[in-house]
Structures are given as C-alpha cells and as structure tokens.
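Here's the structure we're looking at; comments come further down.
Take a look at the structure:
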C-alpha cells in the first residue's frame, strides 16, 4: 500500500488540490463566504494546472478542428483539380476538332475550285523504310484511286500513287530520292526538274544557266511529266547557285507541304493516268 502511495504521490496530491475547491463549494451550499488562507493557497496552486489543462484541451480541440478543415479543403482541392483536368481535356479535344474542321474546310474549298475530280483520303500509315519515303492513304481502287495518280493538299503537291489495292494506296512522296517532278518558275516560266533528296529540301535540276530564276521564286508543276496537273505549288527557291561555267544552275526548293505532318490529302488524276485507267478497265472487260 505504501509503495502505491509513493508511486502515485504527485497525481494524488494534484487530484486532492483540484477536488478540494469543489468539495468546499458543495459544503458551503448557497451561503457565500470569503476564502480562507487554505482556499487561497489551494487556488494559487491549482490555477496554473487548471489553465494548463484548459489550454491543452482547447489546443487539442482546435487541432482536431483544423485537421478536419484541412481535410475538407484537401478533398475540395482534389475535386477541383480533377474537374480542371477534365475541362482541359475537353478544351484540347475541341481545339483538335476545330483544327481538323479548318483543314477539311480548306481541302473542300480546294476540291470545289479544282477543274477535275478529286478523291479525299486520310493518311493511315507511314513507311518506316528510309529507302522509300511513302505514306499509306485510306483511298483505294474501289474509291477510284489508281497507280500514277498524283496526291496533293491545298498547299501543294505531296507525291504519286505507286500502288493501289481495294481500300488503300501507297504514295511515294516528292521528297523520296527517286522522285522527279517537271516544274517551272511561276514568274519567268523557266522550266526545270524538282528532284527528291530525302527528308529535306528538293533539288532544282536541269535549269539552264541562262534562265531567269532567283531566291524566293515560286516553283509550280509544269504538267509535262504526265503525273501532276500543271500549276500545282511545289515550293520556293532557296540557296540559288549560279555557276559561271556549265549548262545548268542549281538551287534548293523548300517544299510547300511538310510531308511529315500529313493528315488529309486529295488524289487527283492527270490525262495520262486517266488514259491508263481506261486501258486497265478495257483490258479487264476483255
């Protein structure tokens, strides 16, 4: 018993001091009296303890309330963050749709202004082999696409159909090293050839040294190669090299169409490709 009293001596003393004012108040009933020296001593000793306990309890309550408030704010922030992400995704989707609509409207306007029939198609694949720079489009023979037809956008030429199946076609790009396009300078009407050189500018070849050509000149198709109709934009002259000797002058041609960013194209025919289609159809009927 004595050991227990020694172990809990301080809590017992503090408890007695805290209980004493309550017992004294209850014994005094409704009759008020002035505190005696013992009361004053007990109050003086217990007041700091009561204030500390009160402050601790109020601090704990405030901490719990603050935690609950923070938890509510965190949940609200998470909900707002999710809503913000959803709104941003919606805005991006709308922006992409608006961009696609503008491209298709431009493509449709070009098709309506063109003289011959145009077949719209979408780029669905890219040839990963560097030896042949080509893309695959969604139009095929069932859509009226045949080998030899040219592929363009409202900005300029893209390439030539080299293989056509029922639903798809492969298009060799003008940037392919094997590509050759008969061109002319729009300003001076000088003729030459635009040769593919891989992923980069085209090369202006077969341009006589005496012909009038300058940096910035617009290069268009001449229509003499039986592939592209005349007047389609190819690109602009840059890095012109006027040689003092020899028959020809050289230059680069910056393509009007960035073939690495193609999405929608138009397939157009030339008189030669139309004759080839007629011969193929006649042979099939026989």
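Residue numbers (our numbering): 646 to 931.
Glycine is no exception: its CB is placed at the ideal position from the N, C-alpha and C atoms.
Bear in mind that the values here come from a model prediction, so they are computed numbers and not experimental data.
- In chain order, 864, 898, 899, 900 and 901 place their CB closer than 6 angstroms to the CB of residue 880, counting only its own chain and leaving out the 5 sequence neighbours on each side.
- Residue 817 has its alpha-carbon roughly 6 angstroms from the corresponding atom of residue 778.
- When secondary structure is reduced to three states using DSSP, residue 720 falls in the helix class.
- With a beta-carbon spacing of about 6 angstroms, residue 802 and residue 866 fall inside the 8 angstroms limit used to define contacts.
- Rounded to whole angstroms, the gap between the alpha carbons of residue 809 and residue 839 is 25 angstroms.
- Residue 763 counts as buried, since at least 16 other C-beta atoms from the protein chains shown sit within 10 angstroms of its C-beta.
- Rounded to whole angstroms, residue 874 and residue 796 show a C-alpha spacing of 10 angstroms.
- Between residue 780 and residue 790, the beta carbon gap of about 13 angstroms keeps them out of contact (Cβ cut-off 8 angstroms).
- Secondary structure note for residue 817: its beta strand (DSSP E) is the uninterrupted segment 814-818.
- Separation of residue 783 and residue 844 (C-alpha to C-alpha, rounded to the nearest whole angstrom) is 23 angstroms.
- Between the alpha carbons of residue 893 and residue 836 lies a gap of roughly 11 angstroms.
- Within a 10 Å sphere around the beta-carbon of residue 907 sit 16 or more other beta-carbons, which makes this residue buried.
- Using a Cβ distance threshold of 8 angstroms, residue 807 and residue 792 count as a contacting pair.
- Going by C-alpha positions, residue 720 is about 10 angstroms away from residue 714.
- Secondary structure of residue 785 (DSSP, three-state): coil.
- For the options 913, 800, 812 and 842, the alpha carbon positioned closest to that of residue 787 is the one of 812.
- The beta carbons of residue 851 and residue 885 sit no closer together than 8 angstroms.
- Beta-bridge partners of residue 900 (DSSP): 880.
- In this structure residue 799 is buried. Its beta-carbon is surrounded by 16 or more other beta-carbon atoms within 10 angstroms.
- With a cutoff of 8 angstroms on beta-carbon distance, residue 841 and residue 819 are scored as near each other.
- Here residue 832 has 862 as same chain residues with Cβ atoms under 6 angstroms from its own Cβ, once five neighbours each way along the sequence are excluded.
- By the neighbour-count criterion, in which a residue is buried when 16 or more other Cβ atoms sit within 10 angstroms of its Cβ, residue 727 is exposed.
- With fewer than 16 other beta carbons inside 10 angstroms of its own, residue 725 counts as exposed.
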